[in-house]
Amino acid sequence: MQCIIRSRATTPEQKALRLAQIMDVTAARFTTLSYEEVNLKHIAADVGITKAALYRYFRNKETLFLAVYSQETQSLAQTAASEMGQQSLTDSICNTLIKHPLYCKLSAIMHTALQCNLTQDEAREFKTSLLQFMQQYAAMISEHYALSIEQATELILQVQQVIIGCWHMSHSVGAVAEVIKEGPLQLFELNFADILHSHIARLVGSYQQ
């Protein structure tokens with residue numbers, strides 16, 4: 004990705020553009036690489052700035068992860084709003100998630116990626132924004148489907164747990180990814196969209212009985 008700003012960003016507009024560039028590059032790297040493989044030095048190089056300049060925007064990889072995750076959450080919320088009421092609750096949730104694979108991937112690794120290197124204020128701010136997202140999503144579900152706010156909130160929490168399990172079960176890497184293509188071991192080669200739909204259908208069914 005080429006950087007439009009060739010010198011240090013000084014105006015609010017330039018800083019906003021630089022921030023957007025950092026976020027875009029980071030999102031692209033998280034899409035194709037593991038959390039461990041994402042490197043701030045490489046992100047800075049992709050943007051066209053020094054690592055020191057990158058630290059003026061994010062103090063470490065964890066806070067950059069949170070920023071990208073929050074951006075993905077906002078995007079997912081917009082998709083969820085457009086999906087509401089157009090189909091069954093199961094399909095609404097699944098279609099929304101499948102359209103946002105990066106959100107699913109980041110959700111799956113979030114709890115291990117953020118165990119350290121965050122201040123209490125950073126952790127509190129992130130969890131508060133996540134709570135606001137859940138409340139917004141729960142309100143949409145409650146409005147369009149026959150669930151209370153409390154039921155919808157509990158459902159969303161359980162969906163998050165499903166995402167974590169389904170993502171890891173369906174995204175093997177290295178030697179494991181190769182051997183499960185062989186003969187009877189193909190039993191372990193799972194499709195994320197398929198198993199996600201299966202689990203969420205069971206979850207939704209338990210609330211709509």
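Each residue of the sequence shown is one higher than the one before, starting from 4 at the first, in the working numbering. Yeah, the Cβ is synthetic: ideal placement off N, Cα and C, and Gly gets one too. Keep in mind it's a predicted model, so treat the numbers as computed, not measured.
If we count the other Cβ atoms within 10 Å of its Cβ and call it buried at 16 or more, is L190 buried or exposed? In the sequence shown, counting from the first residue as 1, residue 190 sits at position 187. Looking at its Cβ environment, which holds fewer than 16 other Cβ atoms inside 10 Å, L190 is exposed.
Let's test the definition: count the other Cβ atoms within 10 Å of the Cβ of M172 and tell me whether it reaches 16, buried, or not, exposed. By one-based count along the sequence shown, residue 172 stands at place 169. So M172 ends up on the exposed side.
Starting from the Cα of G168, find the closest Cα among L57, N98, S201 and E153 and give me that residue. Taking the sequence shown and counting its residues from 1, one reaches residue 168 at position 165. Of the candidates L57, N98, S201 and E153, the one whose C-alpha sits nearest the C-alpha of G168 is S201.
Could you check whether M137 and I159 sit closer than 8 Å to each other, using their CB atoms as the reference points? Reading the sequence shown from its first residue, position 156 is the one you call residue 159. Reading the sequence shown from its first residue, position 134 is the one you call residue 137. Result yes, Cβ atoms of I159 and M137 sit closer than 8 Å.
Give every residue of the same chain whose Cβ lies closer than 7 Å to the Cβ of S110, excluding the five residues on either side of it in the sequence, and list them in chain order. Locating residue 110 in the sequence shown gives position 107, where the first residue counts as 1. Q163, I166 and I167, listed in sequence order.
Straight-line gap, M113 to G208 (C-alpha atoms, nearest Å): In the sequence shown, counting from the first residue as 1, residue 113 sits at position 110. In the sequence shown, counting from the first residue as 1, residue 208 sits at position 205. Between M113 and G208, the alpha-carbon positions lie close to 27 Å from each other.
Closer than 8 Å is the cut-off here; do at least three beta carbon pairs connect the region 80-91 with the region 57-69? No, the region 80-91 is not in contact with the region 57-69.
Can you tell me which of L193, A47 and F61 puts its alpha carbon nearest to the alpha carbon of E125? Locating residue 125 in the sequence shown gives position 122, where the first residue counts as 1. Nearest to E125 by C-alpha distance, out of L193, A47 and F61, is F61.
Which ranges does the alpha helix (DSSP H) cover as unbroken runs of at least 4 residues, wholly within the region 135-185, from first to last along the chain? If we require 4 residues or more, the alpha helix (DSSP H) runs fully inside the region 135-185 come out as 152-173 and 177-182.
Could you give the distance in angstroms between the alpha-carbon of Q89 and the alpha-carbon of Y58? For this step, residue 89 is matched to residue 86 along the sequence shown. For this step, residue 58 is matched to residue 55 along the sequence shown. Put simply, the backbone Cα of Q89 is about 44 Å away from that of Y58.
State the Cα-Cα distance for the pair T53 and Q211, rounded to the nearest angstrom. By 1-based counting over the sequence shown, the position of residue 53 is 50. By 1-based counting over the sequence shown, the position of residue 211 is 208. So the alpha carbons of these two residues sit roughly 53 Å apart.
For C119, the three-state DSSP class (helix, strand or coil): On the sequence shown, residue 119 is found 116 positions in, with the first residue counted as 1. Of the three classes helix, strand and coil, the one that applies to C119 here is coil, per DSSP.
Suppose the cutoff is 7 Å on Cβ atoms and the five residues either side in sequence are ignored; what does the same chain contact list for S151 look like? As a first step, residue 151 is located in the sequence shown; it is residue number 148 there, counting from the start. Only residues of its own chain outside the window of five on either side were considered, and among them S145 have a CB closer than 7 Å to the CB of S151, listed in chain order.
Throw me the rounded Cβ distance for the F33 and L92 pair, which I believe falls under 8 Å. What you label residue 33 is simply residue 30 of the sequence shown in a count that begins at 1. What you label residue 92 is simply residue 89 of the sequence shown in a count that begins at 1. The distance from the Cβ of F33 to that of L92 is about 29 Å, inconsistent with a contact at the 8 Å cut-off.
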